[in-house]
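**Q**
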Amino acid sequence: MKTTEPFSHVEHAHTHNPLLNHPEPPPAAVRKRLFIGAPFNITLLFILSILLVILNQQVLATNSAFPEKYSRKHSQVDRLKWQRTAFHFQPAKNFIYDPNGPLFHMGWYHLFYQHNPYAPVWGNMSWGHSVSKDLINWFELPVALGPSEWYDIEGVLSGSTTVLPNGEIFALYTGNTNNFSQFQCKAVPVNISDPLLVEWVKYDGNPILYTPPGIGLKDYRDPSTVWKGPDGKHRMIMGSKRNKTGLVFVYHTDDFTNYKLLDEPLHSVPNTDMWECVDFYPVSLTNDSALDMAAYGPGIKHVIKESWEGHRKDWYSIGTYDAINDKWTPDNPELDVGIGYRCDYGRFFASKSLYDPLKKRRVTWGYVAESDKHNQDRTRGWATIFNVGRTVVLDRKTGTHLLHWPVEEIESLRYNGQEFNEIELEPGTIIPLDIGTATQLDIVATFVVDQDALNATSETSYEHGCTKSAGAAERGHFGPFGVAVLADEILSELTPVYFYIAKTAEGGVLTHFCTDKLRSSRDFDEERVVYGSTVPVVDGEELTMRILVDHSVVEGFAQGGRTVITSRVYPTKAIYKDAKLYLFNNATHISVKASLKIWQMAPAQVKPYPF
Numbered sequence: 041m042k043t044t045e046p047f048s049h050v051e052h053a054h055t056h057n058p059l060l061n062h063p064e065p066p067p068a069a070v071r072k073r074l075f076i077g078a079p080f081n082i083t084l085l086f087i088l089s090i091l092l093v094i095l096n097q098q099v100l101a102t103n104s105a106f107p108e109k110y111s112r113k114h115s116q117v118d119r120l121k122w123q124r125t126a127f128h129f130q131p132a133k134n135f136i137y138d139p140n141g142p143l144f145h146m147g148w149y150h151l152f153y154q155h156n157p158y159a160p161v162w163g164n165m166s167w168g169h170s171v172s173k174d175l176i177n178w179f180e181l182p183v184a185l186g187p188s189e190w191y192d193i194e195g196v197l198s199g200s201t202t203v204l205p206n207g208e209i210f211a212l213y214t215g216n217t218n219n220f221s222q223f224q225c226k227a228v229p230v231n232i233s234d235p236l237l238v239e240w241v242k243y244d245g246n247p248i249l250y251t252p253p254g255i256g257l258k259d260y261r262d263p264s265t266v267w268k269g270p271d272g273k274h275r276m277i278m279g280s281k282r283n284k285t286g287l288v289f290v291y292h293t294d295d296f297t298n299y300k301l302l303d304e305p306l307h308s309v310p311n312t313d314m315w316e317c318v319d320f321y322p323v324s325l326t327n328d329s330a331l332d333m334a335a336y337g338p339g340i341k342h343v344i345k346e347s348w349e350g351h352r353k354d355w356y357s358i359g360t361y362d363a364i365n366d367k368w369t370p371d372n373p374e375l376d377v378g379i380g381y382r383c384d385y386g387r388f389f390a391s392k393s394l395y396d397p398l399k400k401r402r403v404t405w406g407y408v409a410e411s412d413k414h415n416q417d418r419t420r421g422w423a424t425i426f427n428v429g430r431t432v433v434l435d436r437k438t439g440t441h442l443l444h445w446p447v448e449e450i451e452s453l454r455y456n457g458q459e460f461n462e463i464e465l466e467p468g469t470i471i472p473l474d475i476g477t478a479t480q481l482d483i484v485a486t487f488v489v490d491q492d493a494l495n496a497t498s499e500t501s502y503e504h505g506c507t508k509s510a511g512a513a514e515r516g517h518f519g520p521f522g523v524a525v526l527a528d529e530i531l532s533e534l535t536p537v538y539f540y541i542a543k544t545a546e547g548g549v550l551t552h553f554c555t556d557k558l559r560s561s562r563d564f565d566e567e568r569v570v571y572g573s574t575v576p577v578v579d580g581e582e583l584t585m586r587i588l589v590d591h592s593v594v595e596g597f598a599q600g601g602r603t604v605i606t607s608r609v610y611p612t613k614a615i616y617k618d619a620k621l622y623l624f625n626n627a628t629h630i631s632v633k634a635s636l637k638i639w640q641m642a643p644a645q646v647k648p649y650p651f
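Here the sequence shown is numbered in this note's numbering, starting from 41 and rising by one per residue.
1. What residue range does the beta strand (DSSP E) around residue 145 cover?
2. Pick helix, strand or coil for residue 493, following the three-state DSSP scheme.
3. Short check: CB of residue 250 to CB of residue 225, under 8 Å?
4. By Cβ distance below 6 Å, which residues in the same chain neighbour residue 573 in space, the five residues on each side in sequence not counted?
5. According to DSSP, is residue 448 part of a helix, a strand, or is it coil?
6. Return the chain-ordered list of same chain residues with a C-beta closer than 6 Å to the C-beta of residue 309, the five sequence neighbours on each side being excluded.
7. Taking DSSP as the reference, what is the three-state secondary structure of residue 81?
8. Along the chain, where does the alpha helix (DSSP H) that runs through residue 120 open and close?
9. Would DSSP call residue 508 helix, strand or coil?
10. Cutting at 6 Å between CB atoms, please list the residues of its own chain near residue 520, excluding the five before and the five after it.
11. Just to confirm the assignment, what range does the alpha helix (DSSP H) spanning residue 419 have?
12. If residue 248 sits next to residue 307, beta carbons under 8 Å apart, how far is it from one beta carbon to the other, in whole angstroms?
13. Since residue 165 is in the beta strand (DSSP E), which residue starts that stretch and which ends it?
14. Could you spell out where the beta strand (DSSP E) holding residue 477 opens and where it closes?
15. Measuring CB atoms only, is the stretch 582 to 595 touching the stretch 455 to 463, in the sense that at least three cross pairs come out at less than 8 Å?
16. Expressed to the nearest angstrom, what Euclidean distance is found between the alpha-carbon atoms of residue 73 and residue 530?
17. Would you tell me roughly how many angstroms separate the C-alpha atoms of residue 589 and residue 486, rounded to the nearest one?
18. Could you tell me the alpha carbon to alpha carbon distance between residue 554 and residue 495, rounded to whole angstroms?
19. Considering only residues of the same chain and omitting the five flanking positions on each side of residue 142, which have a CB-CB separation below 8 Å?
20. Mapping DSSP to helix, strand and coil, what is residue 385?
21. Hey, would you say residue 516 sits closer than 8 Å to residue 536, going by beta carbons?
22. Buried or exposed for residue 469, please, with buried defined as at least 16 other CB atoms from any protein chain shown within 10 angstroms of its CB.
23. Would residue 410 and residue 419 be called neighbours here (beta carbons separated by less than 8 Å)?
24. Which residues in the same chain have their Cβ closer than 6 Å to the Cβ of residue 452, if we skip the five residues on either side of it in sequence?
25. Could you tell me which residues DSSP puts in a beta bridge with residue 577?
26. Using only the alpha-carbon positions, how far apart do residue 135 and residue 187 sit?
27. How far does the beta strand (DSSP E) with residue 22 in it extend, from its first residue to its last?
28. How far does the beta strand (DSSP E) with residue 279 in it extend, from its first residue to its last?
29. Quick check on residue 352 - is its C-beta less than 8 Å from some C-beta in chain D?
30. Count the other C-beta atoms from every protein chain shown that fall within 10 angstroms of the C-beta of residue 441, then say buried if there are 16 or more, exposed otherwise.
31. Could you pull the DSSP bridge partners for residue 426 from this structure?
32. Can you tell me whether residue 336 is helix, strand or coil according to DSSP?
33. If distances are taken between C-alpha atoms only, which option among 562, 607, 571, 634 comes closest to residue 614?
34. Starting from the C-beta of residue 646, find all residues in its chain whose C-beta is less than 6 Å away, skip the five residues before and the five after it, and write them out in chain order.
35. Rounded to whole angstroms, what is the Cα-Cα separation between residue 230 and residue 239?
36. Let me make sure I understand the geometry here. Which of 576, 295, 154 has the alpha-carbon closest to that of residue 437?
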């Protein structure tokens with residue numbers, strides 16, 4: 041990695057901070073009007089006319105180069121082409137949705153996903169199928185399961201796969217009937233000795249489960265992986281709701297085809313509505329190694345994760361699982377499922393995790409939907425991507441959070457690393473970083489705050505919150521400060537990712553981690569929002585963030601992944617070679633030292649398998 045001393049690769053800092061809202065020009069009535077009331081002088085007018093002609097010629101000559109540097113216009117075709125990601129998973133074309141049934145088989149990682157093989161919009165929902173050796177480069181395979189029977193004619197919806205100790209593999213999925221009632225179905229691979237598991241067949245006795253009494257016909261979906269409990273019984277769970285109470289059903293099975301519903305749910309929370317794409321898994325209290333679903337005993341906590349399409353958010357909670365009675369209890373009822381912490385505070389939904397037996401880790405994916413006009417999807421020919429796979433472990437420092445972090449394999453794409461050390465950011469400054477192309481990046485940044493200034497004031501801003509703020513333009517005593525990605529040279533477009541420190545009335549400190557989309561694009565984007573939440577900072581920790589920039593997606597990770605934000609952005613000017621990177625400190629009373637490591641990122645390979 042190339043190490044750079046402060047400012048040797050940094051251009052001169054701006055003397056004003058363009059993150060602030062630009063002032064409007066003064067009203068015409070109060071503008072200075074030249075020569076009004078002055079004596080009328082023909083000679084003076086003649087001289088002025090000549091000067092204006094000369095000046096106009098100079099301006100015209102200058103303008104021939106001006107658009108190239110400051111106002112480059114990219115066609116819609118160029119913009120939409122640029123939006124396709126380079127190292128995030130997405131098929132060659134058409135629409136993808138929920139990740140389904142990931143598994144590891146004979147040296148290959150398998151990823152199934154909701155997929156429309158025929159168009160870049162929702163419909164014809166099938167199980168797309170891709171395989172990888174490293175979770176980064178993928179081969180697309182033929183569709184594994186498509187709508188073909190009365191019980192799934194309107195869609196082969198989400199579900200899971202199970203690999204049994206004897207090598208048997210099966211999938212459970214939700215079938216959508218012609219009136220969109222939801223039944224549970226089973227499928228198996230034709231040949232388990234095939235490393236690619238290309239061919240699948242549906243069980244003749246489908247559906248294997250019908251909607252329980254008292255449950256809405258459209259409120260019963262997404263069966264889980266089957267696992268064996270300490271009592272020898274095999275279990276499967278599924279999300280649903282009763283009225284507005286979200287819940288998790290528990291089933292027992294002896295043969296993996298017939299399932300018995302238990303009388304009581306695993307867990308439920310009032311006023312959280314429908315729980316779908318439920319995930320349930322153990323986490324270790326002692327190390328970062330992941331645990332198989334069957335793990336149980338001391339030194340283990342269990343996580344429930346739920347999603348709901350109504351709010352498009354993924355929530356999790358950490359608690360204790362009583363396997364004998366099939367009940368789960370949250371460690372903190374105030375941080376229960378659906379009301380506590382989120383896996384990601386941006387555009388991330390319907391996540392599904394894989395226990396990786398090869399590297400003893402748990403990896404999760406969610407779908408990251410578009411946020412611009414739907415007709416753009418048809419023009420692009422594709423819609424929706426997945427985040428870079430993330431490992432999930434318990435944050436043993438806090439005991440209350442999970443840590444979501446990009447899989448280590450993504451670092452194999454890094455090249456041309458540069459390092460910037462201890463860049464001084466005084467209040468109200470913004471500094472461009474000369475790194476070359478800025479559309480495919482892995483950025484690791486550390487910020488050291490002036491503690492004397494932080495302790496010297498009693499100013500409180502406890503009410504601050506990312507989502508209700510004016511973004512990076514809203515100045516406070518101790519923030520915002522961070523990195524602005526996908527910015528053009530005159531900062532008419534930019535996406536700031538930043539920290540904002542707020543003091544409470546009791547003298548405590550809250551740190552917010554935010555992504556500001558208010559000026560990400562001059563084009564239409566349905567999300568003119570600021571994403572984010574608070575992030576715990578343990579005593580002795582510096583403020584750290586990691587940002588993955590990949591064309592139209594920005595993934596931000598604070599404090600090792602305690603708080604994560606994924607955003608879709610569609611700049612019109614800050615693309616290709618016109619995309620820039622900036623450091624900024626828009627606080628009013630605090631200086632910050634920033635150190636960064638920045639890598640360019642090579643593209644991953646996603647292509648059809650060469651049969």
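For every residue, glycine included, the Cβ atom is placed at its ideal position computed from N, Cα and C.
On a predicted model such as this, the values are computed, not experimentally measured, just so you know.
**A** Looking at the atomic coordinates:
1. For residue 145, the uninterrupted beta strand (DSSP E) segment begins and ends at 134 to 145.
2. helix
3. no
4. 385, 603
5. helix
6. 286, 376, 377, 378
7. Note that residue 81 scores a pLDDT of 41, beneath 50, so its modelled location is shaky; the value from the coordinates is reported in the next line. Looking at residue 81 - three-state DSSP - the assignment turns out to be coil, as it is neither helix nor strand.
8. 116 to 123
9. helix
10. 512, 538, 540, 626
11. Per DSSP, residue 419 belongs to the alpha helix (DSSP H) from 414 to 420.
12. Between residue 307 and residue 248 the Cβ distance is about 24 Å, and since that is not below 8 Å, they are no contact.
13. Here residue 165 belongs to no beta strand (DSSP E), and DSSP marks it neither H nor E.
14. Element bounds for residue 477: n/a, residue is neither H nor E.
15. no
16. The predicted position of residue 73 is uncertain, since its pLDDT is 25 and thus under 50; no value can be drawn from it.
17. 17 Å
18. 23 Å
19. 149, 150, 151, 152, 201, 392, 393, 394, 403, 405
20. Under the three-state reduction of DSSP output, residue 385 falls in the coil class, being neither helix nor strand.
21. no
22. buried
23. no
24. none
25. For residue 577, which the question treats as bridged, DSSP gives no partner whatsoever.
26. So the alpha carbons of these two residues sit roughly 16 Å apart.
27. Within the shown structure, residues of the chain are numbered from 41 to 651, placing residue 22 beyond reach of any answer.
28. 274 to 282
29. Although the question refers to chain D, the structure presented lacks it and comprises just one protein chain.
30. Buried, by the Cβ-count rule.
31. 407
32. Residue 336 falls in the coil class under three-state DSSP.
33. 562
34. 178
35. Cα-Cα distance, rounded: 6 Å.
36. Checked all of 576, 295, 154; the closest Cα to residue 437 is 576.
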